[in-house]
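Heads up: the structure comes next, in structure tokens.
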Amino acid sequence: MLGGQRFFTFLFSIFQSKASTPLEPLLCIYVLLHVLILTRCTRLFIVIVHCL
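Here the sequence shown is numbered in our numbering, starting from -18 and rising by one per residue.
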């Protein structure tokens, strides 16, 4: 769980700086898809999408 928290902190930092380069949003989507595959947490994905 600690590794997961660290990963989501990293993911959040990517979201905060997603406007720096055009590839950042694509990277976010790519990472999110891997999070979905690893955790199968569809509800979390829906919450993140609504926050965007």
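Heads up, the beta-carbon is just placed ideally off N, CA and C, and yes, glycines get one too.
Cβ-Cβ distance between L(-8) and V12 below 7 Å: What you label residue -8 is simply residue 11 of the sequence shown in a count that begins at 1. What you label residue 12 is simply residue 31 of the sequence shown in a count that begins at 1. Cβ distance < 7 Å, so L(-8) and V12 count as in contact.
Between the CA atoms of L14 and L7 - distance to the nearest angstrom: Working through the sequence shown from its first residue, we reach residue 7 at position 26. Working through the sequence shown from its first residue, we reach residue 14 at position 33. Cα-Cα distance, rounded: 11 Å.
Separation of L17 from I27, as counted between CA atoms: Here residue 27 corresponds to residue number 46 of the sequence shown, with the count starting at 1. Here residue 17 corresponds to residue number 36 of the sequence shown, with the count starting at 1. Cα-Cα distance, rounded: 11 Å.
C-alpha gap between I10 and F(-11), whole angstroms: The count along the sequence shown starts at 1 and reaches residue 10 at position 29. The count along the sequence shown starts at 1 and reaches residue -11 at position 8. For I10 and F(-11), the distance between alpha carbons rounds to 13 Å.
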